[in-house]
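In terms of our numbering, the sequence shown is residues 4 to 219.
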Amino acid sequence: MHRPLTGKVVIATHNPGKLREMQELLAPFGIEAVSAGELGLPEPDETGYMFSENAAIKAHAAAKATGLPALSDDSGLCVDALDGAPGLFTANWAGPNKDFPGAMARVEHELRKRGVTADGNRKAHFTSALVIAWPDGHEELFEGRVFGQVVWPPRGTQGFGYDPLFQPDGFTKTFGEISSEEKHGIDWTKPTPEALSHRARAFLNLAAGCLPTRAA
């Protein structure tokens, strides 16, 4: 039995792009969202070996510090030809200065080192693990993936992180070339809503389990 999420929630992130996406996804449910960054919470060490473990570390730390439910996303880009890298180290590849253009260039550099050209195996996927943690230690986990390929050069200025590098299957545009509404891809008017991005797909699972009613 899932536990309902209502009222106010802490988004356990210091990433403004990720915070913006989570606020957009939560908006139809009337959930008030504040970020760990806004509250001045420290970033805990992410010592897990899976996305779900790192998401749980961040969510529990924020819930314990604030006494509020906390929602955390841990996500990453996994490139087949790089044995799943950057994976858990997706953010680390950008360094402390969040140099994502440099991180995207490193992906391409590593592919070229392995002889992967523009016509080679550039399959990749984004994965997202969403964890809600409550102050009493209870947690809920929801996951989502989107498959596609990495392109070079990066295209577009929308989104954040590696979005300009990733073109989802069935699309001619990268995540960096589409709006956040297109990227989420959720049509709440449908009896069974679908989603495009990894985070939105994980959120649909979360909504079905913990957000049973939407605000009018």
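Where a beta carbon is used, it is the ideal one built from N, C-alpha and C, also for glycine.
In terms of Cα proximity to Val-13, the closest of Lys-21, Arg-115, Asp-83 and Thr-69 is Thr-69. Below 8 Å, too few C-beta pairs join the segment 117 to 126 and the segment 33 to 51 to call them touching: fewer than three. Residues of the same chain with a CB within less than 8 Å of the CB of Gly-159, apart from the 5 flanking positions on each side, are Asp-166, Pro-167, Lys-176, Thr-177, Phe-178, Gly-179, Glu-180 and Ile-181 in chain order. For His-141, there is no enclosing alpha helix (DSSP H), as DSSP marks it with neither H nor E.
In this structure, DSSP gives Phe-163 a state outside helix and strand, which the three-state scheme calls coil. In the DSSP assignment, the residues bridged to Lys-11 are Glu-35. The Cβ neighbour count for His-63, taken over all protein chains shown within 10 Å, is at least 16; the residue is labelled buried.
The beta carbon of Ser-131 lies closer than 7 Å to those of Asp-76, Ser-78, Glu-146, Gly-147, His-201, Arg-202 and Ala-205 in the same chain, with the five residues before and after it left out.
One alpha carbon belongs to Val-153, the other to Leu-80, and they sit about 10 Å apart.
Between the alpha carbons of Leu-214 and Ile-135 lies a gap of roughly 12 Å.
Taking all protein chains shown into account, Ala-211 has fewer than 16 neighbouring C-beta atoms within 10 Å of its C-beta and is therefore exposed. Taking the Cα positions, Glu-35 is about 20 Å away from His-141.
Ranking Pro-31, Leu-28 and Lys-67 by CA distance to the CA of Asp-139 puts Lys-67 first.
Rounded to whole angstroms, the separation of the alpha carbons of Glu-113 and Asn-57 is 25 Å. By the criterion of a C-beta distance shorter than 6 Å, Leu-133 is surrounded in its chain by Asp-76, Phe-145, Ala-205 and Leu-209, once the five residues flanking it on both sides are discounted. Here DSSP, grouped into helix, strand and coil, assigns Ile-60 to helix. Proximity to Gly-33 across Lys-11, Pro-19, Glu-41 and Trp-155 peaks at Lys-11, based on C-alpha coordinates. In this structure, the straight-line span from the alpha carbon of Ala-73 to that of Ile-60 is close to 11 Å.
Minimum Cα-Cα distance from His-187 among the listed residues Pro-89, Gly-162 and Pro-194 corresponds to Gly-162. With fewer than 16 other beta carbons inside 10 angstroms of its own, Gly-173 counts as exposed. Taking all protein chains shown into account, Lys-116 has fewer than 16 neighbouring C-beta atoms within 10 Å of its C-beta and is therefore exposed. Taken atom to atom, the span from the alpha-carbon of Thr-195 to that of Ala-97 is near 37 Å.
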